[in-house]
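Novice: With my numbering applied, the sequence shown corresponds to residues 669 to 916, in that order.
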Amino acid sequence: MNNPMFSNINENQETVYSKSDCASYKGITIKTLILLFVSIASAAAAIASLYTNVGTNVLVGVLIGSGILGFITILIGRMSPRASAVCGILYAIGEGAFLGSLSLLLELVYPGIALVAVISTIVVFCAMLGLFASGVIRNKSKIYGFTLTLGISIILMTLVMLIMSIFPVFDPIMNNLGVMIAVEALFLIYACAMLLTNFNEAQELVKGGCDKSYEWCCSFGLLISILYIYVEILRLLLIIYQLFGDRN
């Protein structure tokens with residue numbers, strides 16, 4: 669259940685250890701910031717286009733198209749690490765447009781929700797990075813095991829909830845905001861655990877002397893995790909706002 673971009677690095681470690689031009693933390697950081705900048709720029713462009721009163725069909729097309737683009741780029745990047753730079757940029761463009769459009773729509777209903785989600789994502793990322801860098805997590809194999817177990821559990825839970833949603837008798841449970849908050853919190857915990865494993869795999873990439881081209885692969889993987897955390901925080905905030913907030 670690890671980020672697909674990082675599992676690809678693990679599969680190719682033997683072939684890249686002999687390279688002389690090695691990956692570095694600085695290179696990974698710069699490339700990750702580039703992808704984040706592209707995502708933000710794409711989100712801003714999508715938001716600006718929505719203010720020009722584009723039709724609903726165009727908006728739906730952007731949302732669907734960006735989702736498909738994101739899925740395809742992950743698959744290609746998974747199969748070809750050398751294409752990670754192009755795939756990462758395309759993914760950043762697609763997901764940026766998707767999340768920008770989604771955030772604006774939610775912002776119109778619940779003002780301030782997008783800003784809170786952005787700040788919360790930054791806080792969570794810094795907290796996970798600090799937790800990892802401090803050495804508090806010493807047995808990293810347990811984190812892998814925990815992340816895998818939690819990921820499988822979430823898949824099974826999602827399937828069970830999907831089946832329950834078919835039968836009206838379970839509606840009181842499915843529509844209970846407390847249950848929904850607990851479920852989303854579980855998804856967020858999984859996203860954080862996945863980010864911790866990604867930090868560890870990025871560390872192994874640098875220490876293992878992987879080729880510098882894998883910096884893009886690593887940055888692509890980090891972008892996926894960061895945006896995933898943002899989505900889960902946004903969903904959790906949406907439920908909380910529905911419970912306590914006031915709509916426009």
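C-beta atoms are modelled at their ideal positions from N, C-alpha and C, and glycine is treated no differently.
Does residue 878 come out as helix, strand or coil in the three-state DSSP assignment?
Specialist: Here the question's residue 878 lines up with position 210 in the sequence shown. Coil, per DSSP.
Novice: Whole alpha helix (DSSP H) runs in the region 692-719 with 4 or more residues, listed along the chain?
Specialist: With a minimum length of 4 residues, the continuous alpha helix (DSSP H) runs that stay inside the region 692-719 are 693-718.
Novice: Please list the terminal residues of the continuous alpha helix (DSSP H) segment that includes residue 777.
Specialist: As a position in the sequence shown, residue 777 is number 109, starting the count at 1. Start and end: 752-777.
Novice: Cβ atoms of residue 790 and residue 703: under 8 Å apart, would you say?
Specialist: Within the sequence shown, residue 703 is the residue found at index 35, counting from 1. Within the sequence shown, residue 790 is the residue found at index 122, counting from 1. No; because the gap between Cβ atoms is not below 8 Å, this pair is not in contact.
Novice: Just mark residue 862 as buried or exposed, buried being the case when its beta carbon has 16 or more other beta carbons within 10 Å.
Specialist: The sequence position of residue 862 within the sequence shown is 194, counting from 1. With 16 or more other Cβ atoms within 10 Å, it is buried.
Novice: What number of angstroms, rounded off, separates the C-alpha of residue 775 from the C-alpha of residue 836?
Specialist: Looking up residue 775 in the sequence shown gives position 107. Looking up residue 836 in the sequence shown gives position 168. Roughly 31 Å separates the two Cα atoms.
Novice: Take every Cβ of the region 688-707, pair it with every Cβ of the region 727-734, and state whether three or more of those distances are shorter than 8 Å.
Specialist: Contact fails: fewer than three Cβ-Cβ distances are below 8 Å.
Novice: Provide the residue span of the alpha helix (DSSP H) that contains residue 833, from first to last.
Specialist: Numbered from its first residue, the sequence shown carries residue 833 at position 165. Looking at the DSSP string, residue 833 is not in any alpha helix (DSSP H), and its letter there is neither H nor E.
Novice: On the DSSP bridge list, what partners appear for residue 690?
Specialist: Within the sequence shown, residue 690 is the residue found at index 22, counting from 1. Per DSSP, 879.
Novice: Rounded to a whole number of angstroms, what is the C-alpha to C-alpha distance between residue 887 and residue 695?
Specialist: Within the sequence shown, numbered from 1, the residue matching residue 887 stands at position 219. Within the sequence shown, numbered from 1, the residue matching residue 695 stands at position 27. Roughly 9 Å between the two C-alpha positions.
Novice: Below 8 Å on the Cβ atoms is my guess for residue 893 versus residue 868; work out the distance and round it to an integer in Å.
Specialist: The count along the sequence shown starts at 1 and reaches residue 893 at position 225. The count along the sequence shown starts at 1 and reaches residue 868 at position 200. Actually they are not in contact, since the Cβ atoms of residue 893 and residue 868 sit about 12 Å apart, beyond 8 Å.
Novice: Once DSSP output is grouped into helix, strand and coil, what is the label at residue 780?
Specialist: Translated into positions along the sequence shown, residue 780 becomes position 112. In this structure, residue 780 counts as coil in the three-state DSSP scheme.
Novice: Would you grab the beta carbon distance between residue 699 and residue 872 for me? Rounded to a whole angstrom, and I think it's under 8 Å.
Specialist: Translated into the one-based positions of the sequence shown, residue 699 becomes position 31. Translated into the one-based positions of the sequence shown, residue 872 becomes position 204. In fact, because the Cβ distance is near 17 Å, the residues do not count as touching under 8 Å.
Novice: Can you tell me whether residue 839 is buried or exposed, with buried defined as 16 or more other CB within 10 angstroms of its CB?
Specialist: Looking up residue 839 in the sequence shown gives position 171. Counting Cβ neighbours within 10 Å, residue 839 comes out exposed, since fewer than 16 surround it.
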